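Data first, discussion second: the structure below is written as structure tokens.
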């Protein structure tokens, strides 16, 4: 498409997300600073002070209040956004469920960081993965560009009348949030045209049509039916996420799917991975391909709703799949993404082996060698007659 | 699993990739310098990445930052293991940090010091690498009137690596610093870069 901007900027991941917020210019932003998200809120507060946006910026005393305040503003009929990380995300917990059950199209930037303890400010995905059943749509980005692109698309997805669910979009704390990387932006007008005007549904601030939001429903009320309606909205969101991505691709030249396969068509072994580690994995896939190993990969983008049927189809020809989780699910068979992928492939015939890998907790670095080690496990499993143990394998763990 | 790390991506001979590791103390502007080099790379149409290794952010504490510059888009997000270029903004770090860790034998090592490279080697027992020194703190004090060595170090780096033409660096400072600082500060920084470019010495 002609007229696409190609000027590359050098920005931090947080600057990329804050620039997306500036162009969206929501009615209300309520946020509380927490490392490594702080820069997003700081930059946005500066934009408000400089008159670059017209948002009402509400400073609050905690993340519990930040989420409460955006819920109030969204129920009142405003386009709302917030941002958080780690402990802040955890403190929002009970309100996350309130936001999704009220069907409020809130957009939240979540800069992934480990949860205490011991206290750790570095990247892993424990915060947002812990919130996977909170009823929010979850988009995970790989780099600076995706922090920006996902933020803008999140608005359209959340506000779609077939969906009306809150959306959180993630990128890796420090690795992306604090690093300088390339960003190509849309123009302010393009973003405004893309997101369109906000449509409030049953807003509280409409005296001609009074409504109640979130009252006590009772034992004989409609709670169960309400939950089913939420889940049906999640199901519908899959198509909406792809439609929005397609439209965004037309506009920006940057195309997104529900996930991103790489050299997967004839792959015998494949890794499924999330976030910035996808880039490092791609390099390893290229290296293995150069040696004649039929390696491929998928970068997960949409975790909720989880496109299980699309994964079952994309991975049907793969013998062994390794899933790299940057979060663990204590006592479960593997990390959150592993559990989803393994369940998604259960009905495949033949059924691929799916092996769990855990890496990068608390910001532990992951090097190309570590990913090669994971591929070596898959390669060996593909050659063996029997099925390989599905015990967790840890990458770059100090245990010897 | 074992933790061997022999990343080929750290090999600066591979695919036009240059990896720089910055050693400094909090407050010396290493992160700004790492970012400046990334932006200079952008100005040259190259791909870039710059990131600090975050720890406790205290003034005076040792910090490490990285810059990658490449002809190809940069996908790797691991830390730099085998830097082709090592920049040391505070010579006192040489006594307690192995700044040569993982660096290949032909790595360029630039140290902010009043001493000649041979003296620095003798005093700190520095082995390997191609060593260069420049009195960046003094140059900064005399030109910018603040003892922050980051911009003169970029000037010296420009000379010894040939990553960018010096006139592009000056052009960048005028445009970028010009947006944030008064002309006196901008010209002071340009003078600092030019002096460091002239005064850097090798072995």
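Chains as they are written, first to last, in our numbering: chain A, 857 to 1256; chain B, 3 to 205.
Note that beta-carbon positions come from the ideal geometry of N, C-alpha and C, so glycine has one too.
Just so you know, these numbers come straight off a predicted model, no measurement behind them.
Is the distance from the Cβ of residue i to the Cβ of residue j below 8 angstroms?
i	j	result
residue 958 of chain A	residue 919 of chain A	no
residue 978 of chain A	residue 1152 of chain A	no
residue 1224 of chain A	residue 1130 of chain A	no
residue 1015 of chain A	residue 953 of chain A	no
residue 809 of chain A	residue 1212 of chain A	Look at the range of chain A in this structure, 857 to 1256, and you will see that residue 809 of chain A is not part of it.
residue 70 of chain B	residue 145 of chain B	no
residue 143 of chain B	residue 202 of chain B	no
residue 43 of chain B	residue 53 of chain B	no
residue 79 of chain B	residue 1031 of chain A	yes
residue 941 of chain A	residue 1029 of chain A	yes
residue 138 of chain B	residue 119 of chain B	no
residue 975 of chain A	residue 1160 of chain A	no
residue 862 of chain A	residue 1038 of chain A	no
residue 1044 of chain A	residue 879 of chain A	yes
residue 89 of chain B	residue 131 of chain B	no
residue 963 of chain A	residue 1010 of chain A	yes
residue 18 of chain B	residue 83 of chain B	no
residue 874 of chain A	residue 998 of chain A	no
residue 76 of chain B	residue 26 of chain B	no
Using a Cβ-Cβ distance cut-off of 8 angstroms, determine whether residue i contacts chain A.
i	result
residue 56 of chain B	yes
residue 15 of chain B	Low local confidence applies: a pLDDT of 39 at residue 15 of chain B is under 50, so the model's placement there is unreliable, with the coordinate-based value given in what follows. No, its Cβ sits nowhere closer than 8 angstroms to a Cβ of chain A.
residue 83 of chain B	yes
residue 46 of chain B	no
residue 3 of chain B	Per-residue confidence for residue 3 of chain B stands at a pLDDT of 38, beneath the threshold of 50, marking its modelled position as unreliable; the derived number appears in the next sentence. So yes, residue 3 of chain B belongs to the interface.
residue 103 of chain B	no
residue 9 of chain B	Residue placement at residue 9 of chain B is poorly supported in this model, since its pLDDT is 34, which falls under 50; the coordinates still yield a value, given next. Closer than 8 angstroms to some Cβ of chain A, the Cβ of residue 9 of chain B qualifies, so yes.
Check the Cβ of residue i against every Cβ in chain B and list those closer than 8 angstroms, keeping chain order.
i	result
residue 1133 of chain A	79
residue 1068 of chain A	The contacting residues do not exist; residue 1068 of chain A stays about 46 angstroms from chain B at best.
Would a check of beta-carbon distances place residue i closer than 8 angstroms to chain B?
i	result
residue 1139 of chain A	yes
residue 1101 of chain A	no
residue 1109 of chain A	no
residue 1246 of chain A	no
residue 1041 of chain A	no
residue 866 of chain A	yes
residue 857 of chain A	With a pLDDT of 44 at residue 857 of chain A, under the threshold of 50, the modelled position of this residue cannot be trusted; read the value that follows with caution. It does not: the Cβ of residue 857 of chain A has no partner Cβ on chain B nearer than 8 angstroms.
residue 962 of chain A	no
residue 1136 of chain A	yes
residue 1243 of chain A	no
Whose Cβ in chain A lies nearer than 9 angstroms to the Cβ of residue i?
i	result
residue 203 of chain B	Within chain A, no residue comes near residue 203 of chain B; the closest Cβ sits about 30 angstroms away, beyond 9 angstroms.
residue 74 of chain B	The premise fails here: residue 74 of chain B is roughly 10 angstroms from chain A at the closest Cβ pair, so nothing lies under 9 angstroms.
Check the Cβ of residue i against every Cβ in chain B and list those closer than 9 angstroms, keeping chain order.
i	result
residue 1183 of chain A	Result: empty, since nearest Cβ-Cβ is about 17 angstroms, beyond 9 angstroms.
What in chain A is Cβ-close to residue i, meaning under 7 angstroms?
i	result
residue 170 of chain B	Neighbours of residue 170 of chain B on chain A: none; closest Cβ ~15 angstroms, over 7 angstroms.
residue 52 of chain B	1035, 1036
So with CB distances below 8 angstroms, who are the chain A contacts of residue i?
i	result
residue 37 of chain B	866, 1036
residue 40 of chain B	866, 1036
Residue i: beta carbon under 7 angstroms from a heavy atom of the ligand ATP?
i	result
residue 962 of chain A	The ligand content of the structure shown is nil, which means the ligand ATP is not present either.
**Report entry** Sequence ranges, alpha helix (DSSP H) only - wholly within the stretch 857-939 of chain A, length at least 4
**Finding:** Within the stretch 857-939 of chain A, the complete alpha helix (DSSP H) segments of 4 residues or longer fall at 869-880, 894-905, 919-932, listed in chain order.
Query raised in the report: Any residues in the stretch 1223-1241 of chain A with a beta carbon nearer than 9 angstroms to a beta carbon of chain B? Which ones, in chain order?
Result: Result list: 1223, 1224, 1225, 1226, 1229, 1230, 1233.
**Report entry** Contained beta strand (DSSP E) runs [length at least 3] in the stretch 88-115 of chain B, N- to C-terminal order
**Finding:** Fully enclosed beta strand (DSSP E) runs of 3 or longer: 110-114.
Query raised in the report: In the stretch 1193-1227 of chain A, which residues sit with their C-beta less than 8 angstroms from some C-beta in chain B, listed in chain order?
Result: Within the stretch 1193-1227 of chain A, the residues whose Cβ lies closer than 8 angstroms to some Cβ of chain B are 1221, 1222, 1223, 1224, 1225, 1226, listed in chain order.
Requested in this report: Can you check the stretch 158-189 of chain B for any beta strand (DSSP E) of at least 3 residues that lies completely inside it and give the ranges in chain order?
Outcome: Secondary structure remark: continuous beta strand (DSSP E) runs of at least 3 residues inside the stretch 158-189 of chain B: none found.
Query - Residues of the stretch 1001-1031 of chain A whose Cβ lies closer than 7 angstroms to any Cβ of chain B, in chain order - result: Of all residues in the stretch 1001-1031 of chain A, 1030, 1031 have a Cβ within less than 7 angstroms of some Cβ in chain B.
Report task. May I ask you to list, following chain order, the residues of the stretch 172-187 of chain B that have a beta carbon less than 9 angstroms from some beta carbon of chain A? Result -> Answer set for the stretch 172-187 of chain B: empty.
Query raised in the report: In chain order, which beta strand (DSSP E) runs of at least 3 residues are fully inside the stretch 1184-1214 of chain A?
Result: Correct list: empty.
Report task. Report the residue ranges of all beta strand (DSSP E) runs contained in full by the stretch 1133-1172 of chain A; include only those spanning at least 3 residues, in chain order. Result -> Taking only runs of at least 3 residues, the beta strand (DSSP E) segments lying wholly in the stretch 1133-1172 of chain A are 1151-1156, 1158-1160.
**Report entry** Completely contained beta strand (DSSP E) runs for the stretch 1020-1090 of chain A, where each covers 3 or more residues
**Finding:** Whole beta strand (DSSP E) segments, 3+ residues: 1023-1028, 1036-1040.
Report task. May I have a chain-ordered list of the beta strand (DSSP E) segments no shorter than 3 residues that lie completely inside the stretch 959-1005 of chain A? Result -> Counting only runs of 3 or more, we get 963-968, 993-996.
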